[in-house]
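Colleague: Let me begin by handing over the structure; questions about it come next.
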Amino acid sequence: MDSEEPPNVRVACSGDIDEVVRLMHDAAAWMSAKGTPAWDVARIDRTFAETFVLRSELLVASCSDGIVGCCTLSAEDPEFWPDALKGEAAYLHKLAVRRTHAGRGVSSALIEACRHAARTQGCAKLRLDCHPNLRGLYERLGFTHVDTFNPGWDPTFIAERLDVMSRDVVLAPARNDTVPIQEVSVQTARH
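Reminder that position 19 of the sequence shown reads as 19 in the UniProt record's numbering, one-by-one numbering, no gaps.
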């Protein structure tokens, strides 16, 4: 990625799945090597990614080098935000950036796209949970610490819950080869 080239954020398609799975595995390995346990990579496979693609909940950041970042954006997170009111927030998970593109605005671009999508869907907040070692990163990206907690399934696991109030986002004009971010949707789960 040229240092002047901003990443294009779009909804992932089925052709992105293998690259996204590799990216998430690489990011998890890098975080674990740095002492920040990440998500269970055994659960990150084609089926996992396909589920999010089918629901239009997987975003990718790309540039001339291909996919350089990704994340999921969902309408609910009952595991980490069980008391949240439906529709008040969208939930960001699995943010991953290719190491060769770290520090080049990929995370910021993905988060801005998530904020825009959340606002478009009428959500007042964008939320996430993360390992305590990542709290500083997300605070630098505009999130505010809500609380620290243990979700209960592992007595040694501690997570930080953070959120950010949605705000107006100015998006760069779309290039001819991009999918406008307005096509991102956060679908409410049906029970």
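Quick reminder that beta carbons are idealized off the backbone N, C-alpha and C, glycines included.
(1) Is it the case that the Cβ atoms of Val11 and Ala61 are separated by a distance below 9 Å?
(2) Heavy atom of the ligand GTP less than 8 Å from the Cβ of Ile44, yes or no?
(3) Please go through the same chain and pick out, in chain order, the residues whose beta-carbon is closer than 7 Å to the beta-carbon of Trp39, but skip the five residues on each side of it.
(4) The alpha helix (DSSP H) spanning Arg140 covers which residue range?
(5) Evaluate Pro7 with the Cβ neighbour count: other Cβ atoms within 10 Å of its Cβ, from every protein chain shown; 16 or more gives buried, anything less gives exposed.
(6) With distances taken Cα to Cα, identify the nearest neighbour of Phe80 among Gly87, Tyr91, Cys70 and Thr144.
(7) Thinking just about the alpha-carbon of each residue, which of Glu5, Pro78 and Leu59 is nearest to the one in Cys13?
(8) Alpha carbon to alpha carbon, how far is Ala49 from Cys74? Give it in angstroms, no decimals.
(9) Excluding the five sequence neighbours on either side, which residues of its own chain have a C-beta within less than 7 Å of the C-beta of Leu141, listed in chain order?
(10) Please look up how many angstroms separate the CB atoms of Gly69 and His101, rounded, as I've assumed it's under 8 Å.
(11) Rounded to the nearest angstrom, how far is the Cβ of Ala89 from that of Cys123, given a contact under 8 Å?
(12) Quick check: the Cα distance between Lys125 and Asp18, rounded to an integer number of angstroms?
(13) Who are the Cβ neighbours of Val57 in its own chain at under 6 Å, not counting the five residues just before and after it?
(14) Classify Asp45: buried if its beta carbon has 16 or more other beta carbons within 10 angstroms, exposed otherwise.
(15) Can you check whether the CB of Met24 is closer than 9 Å to the CB of His131?
Modeller: Working from what's here:
(1) Remark: C-beta atoms of Val11 and Ala61 do not approach each other more closely than 9 Å.
(2) Absence of the ligand GTP is noted for the structure shown, with no ligands found whatsoever.
(3) Ala28 and Lys94, listed in sequence order.
(4) From DSSP, the alpha helix (DSSP H) with Arg140 extends over Arg135 to Arg140.
(5) Looking at its Cβ environment, which holds 16 or more other Cβ atoms inside 10 Å, Pro7 is buried.
(6) Taking the Cα of Phe80 as reference, the smallest distance to any Cα among Gly87, Tyr91, Cys70 and Thr144 is reached at Tyr91.
(7) Here the closest residue by C-alpha is Leu59.
(8) Here residue 74 is Ser; the residue named in the question, Cys, does not match the sequence. Looking at the two C-alpha atoms, the distance is approximately 13 Å.
(9) So the list reads Ser107, Ser108 and Ile111, once near-sequence residues are dropped.
(10) With a Cβ gap of about 7 Å, Gly69 and His101 count as contacting.
(11) That pair is a contact at about 5 Å.
(12) Going by the C-alpha atoms only, they are around 30 Å apart.
(13) Note on identity: in this sequence residue 57 is Glu, with Val being the wrong assignment. Excluding sequence neighbours, Glu57 sits near Thr72, Leu73 and Ser74.
(14) Per the 10 Å Cβ criterion, exposed.
(15) Contact: no.
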